[in-house]
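Residues 598 to 701 in the working numbering are what the sequence shown lists, from first letter to last.
Glycine included, C-beta positions come from ideal geometry on N, C-alpha and C.
Remember, it's a predicted structure, so these values are computed and weren't measured experimentally.
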Amino acid sequence: ARKLGATVTVLEAQPRILMRGVPSEIAEIIHKTHEAEGVKVLTGQGITAIADNGGEVRIALADGQEVVADLAVIGIGAVPVTALAAEAGLAIDNGIAVDDTLRS
Numbered sequence: 598a599r600k601l602g603a604t605v606t607v608l609e610a611q612p613r614i615l616m617r618g619v620p621s622e623i624a625e626i627i628h629k630t631h632e633a634e635g636v637k638v639l640t641g642q643g644i645t646a647i648a649d650n651g652g653e654v655r656i657a658l659a660d661g662q663e664v665v666a667d668l669a670v671i672g673i674g675a676v677p678v679t680a681l682a683a684e685a686g687l688a689i690d691n692g693i694a695v696d697d698t699l700r701s
C-alpha cells in the first residue's frame, strides 16, 4: 500500500510487533524496515472504539489518540491449540516448544 502512495499505520496491542511469531531481534529489524518505508508503527496500543462514518474509519486508542483512515484491515492473531500436544507429553512454551532444528 505504501508503494502505491497510501498512508499506512500499524496498530499493535503488544509491546512489539510479531510478539508470538519471532524473536525480538527479528521483530525489531522488521519494525525498522517498515518505518524506513514510511509505515507508522504504533505498539502497545489498545483500541477502545472503531467507527465507520460513511467512508471514513475512526479508531480510538486507549491513550486518547485517534487514527482516521479510509480503510481498516483488522487481524487479531492466532492462539495455538496445544491440548493434544500437552496430553502427548510435548513441552509447551507459547505454543509447542521446538529445538533449533524445529523438532518438538
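If Val-605 and Arg-599 are in contact, beta carbons under 8 Å, what's the gap, nearest whole angstrom? That belief holds up - the Cβ atoms of Val-605 and Arg-599 are roughly 5 Å apart, short of 8 Å.
Assuming Leu-668 and Gln-642 form a contact by the criterion Cβ under 8 Å, report the distance between their Cβ atoms to the nearest whole angstrom. Cβ-Cβ separation between Leu-668 and Gln-642: approximately 18 Å, too far for a contact (criterion under 8 Å).
I'd like to know whether the C-beta atoms of Thr-630 and Glu-609 end up nearer to each other than 9 Å. Cβ distance not < 9 Å, so Thr-630 and Glu-609 don't count as in contact.
Helix, strand or coil for Leu-658, going by three-state DSSP, please let me know. Note: Leu-658 maps to strand in three-state DSSP.
Answer yes if the region 643 to 652 comes into contact with the region 618 to 627, meaning at least three C-beta pairs across the two stretches below 8 Å, and no otherwise. Of all C-beta pairs linking the region 618 to 627 to the region 643 to 652, fewer than three are shorter than 8 Å, placing the two stretches out of contact.
CB of Ile-693 within 9 Å of CB of Ala-682, strictly: Closer than 9 Å, so yes.
With a CB to CB cut of under 8 Å and the five nearest residues on each side skipped, what residues in its chain are close to Glu-663? Leaving aside the five residues that flank Glu-663 on each side, the residues in its chain whose CB is nearer than 8 Å to its CB run, in chain order, Arg-655, Ile-656, Ala-657.
Which class does Thr-645 belong to by DSSP, given the choice of helix, strand or coil? Strand.
Please list, in chain order, all residues of the same chain as Ile-673 whose beta carbon is under 6 Å from its beta carbon, the five residues on each side excluded. Cβ within range, chain order: n/a, list empty.
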